[in-house]
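S.K.:
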Amino acid sequence: AEVADDLVVKTVRDTHLAALDRVGSVTRSRGSIHRGIAGAVYGSLSLGLRSASRGLDKVAATGVGPRLEDGPRGRFVSSAVNGLIGDKLLNERPQLAIPMAVRLHGADVDVTADGLAAAYPEATGRLVLFLHGLCENESYFRRDRERMGTTYAEMLAERDWTPLMLRVNTGLPLRENGAALTALVQRVVDAWPVPVTRIALVGHSLGGL
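199 is the number that the working numbering gives to position 193 of the sequence shown; each next residue is one higher, with no gaps.
1. Are the CB atoms of Gly177 and Asn88 within a distance shorter than 8 Å?
2. Extract the residue ranges of the alpha helix (DSSP H) inside the region 123 to 184, only unbroken runs of 4 or more that lie entirely within it.
3. Answer yes or no: do Val208 and Val117 have a C-beta to C-beta separation smaller than 8 Å?
4. Can you check the region 44 to 68 for any beta strand (DSSP E) of at least 3 residues that lies completely inside it and give the ranges in chain order?
5. Looking at the structure shown, is Asp196 part of a helix, part of a strand, or coil, going by DSSP?
6. Under a three-way DSSP split, which group does Gly209 fall into?
7. In terms of DSSP beta bridges, what is Arg28 paired with?
8. On the three-state DSSP scale, how would you describe Ala103?
9. For the 8 Å Cβ check, are there 3 or more pairs between the region 125 to 139 and the region 184 to 202?
10. Would Leu215 be called buried (16 or more neighbouring beta carbons within 10 Å of its own) or exposed?
11. With burial defined as no fewer than 16 other Cβ atoms inside 10 Å of the residue's Cβ, what is the status of Gly42: buried or exposed?
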């Protein structure tokens, strides 16, 4: 609701009023009535979305209802919103901010010796990190699998690579994501079941990183 208010309603409002000013400069009309009506409409939309946001916050605090992470649609929304206002979420709603993580089957992998060994029983010494783009998540790399019959990650796995899908809050600054990636890769290497001999990176539109 807040994203819709900040990024949609306000953007449309500002564009509308800018266009009105441009037309007024040509026609020499102040358009005060039009401006007043538009202001009332946008103000009502903004108020409604802000009220909805506060109400949803109260419901979320009770723990009632499904979590965004419970399904692919929710994870899509979470990734998109984090890509747009990830830094704001981290400061104001940290429970909604995506932490950088290794992902498998829609969940974070426990980056410990036991956790990695359980998640990757056929681990090899050659790691390939898959890093999605702005507002995306790790599921991007499975697009068109039904049509193609395989994925790039699966093809590399057949060639003795171990694919690791990463999920990133692409709304954070470059420096923060770079530091988080360095720390995460170091933890993975230190706890990997076999000695790591090579690391490669596959990225898609590396927004935010």
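The C-beta atom is built at its ideal place from N, Cα and C for all residues, glycine as well. All of these numbers come straight from a predicted model, not from anything done at the bench.
M.R.: According to the structure shown:
1. yes
2. 151 to 154, 158 to 163
3. no
4. none
5. helix
6. strand
7. DSSP output for Arg28 lists no bridge partner at all.
8. coil
9. yes
10. Below a pLDDT of 50, predicted positions are generally treated as unreliable, and Leu215, at 43, falls in that range; no measurement from the model is reported.
11. exposed
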